[in-house]
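Following: one structure in structure tokens, then a few remarks.
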Amino acid sequence: MRKHKCEQFRQEVVEYVLIHPDQSVTNTAKLIGAALMADQQRLRSLERKYALLR
1 MRKHKCEQFR QEVVEYVLIH PDQSVTNTAK LIGAALMADQ QRLRSLERKY
51 ALLR
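Given below as structure tokens:
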């Protein structure tokens, strides 16, 4: 991950843990990491579809 993405990821984990103190930091990081991966896959899929339309 790039530095900006790592900082954004860290900030999201901190905010989530502050709101949901019953969640462990590790579990929260896994959840947010999975969401980021899903977003990246959707973006790649959209880029491929757009490339085919050109």
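Taken in order, the sequence shown gives residues 1 to 54; the numbers are from UniProt numbering.
Every residue, glycine too, gets a C-beta built ideally from N, C-alpha and C.
As the structure is a prediction and not an experimental result, all values here were calculated from the model.
{"Asked": "What residue range is occupied by the uninterrupted alpha helix (DSSP H) comprising residue 45?", "Found": "25 to 53"}
{"Asked": "Within its chain, find whatever has a CB closer than 7 Å to the CB of residue 13; leave out the 5 residues flanking it on each side and keep chain order.", "Found": "25, 28, 29 and 32"}
{"Asked": "Find out if the Cβ-Cβ distance for the pair residue 5, residue 43 is shorter than 9 Å.", "Found": "no"}
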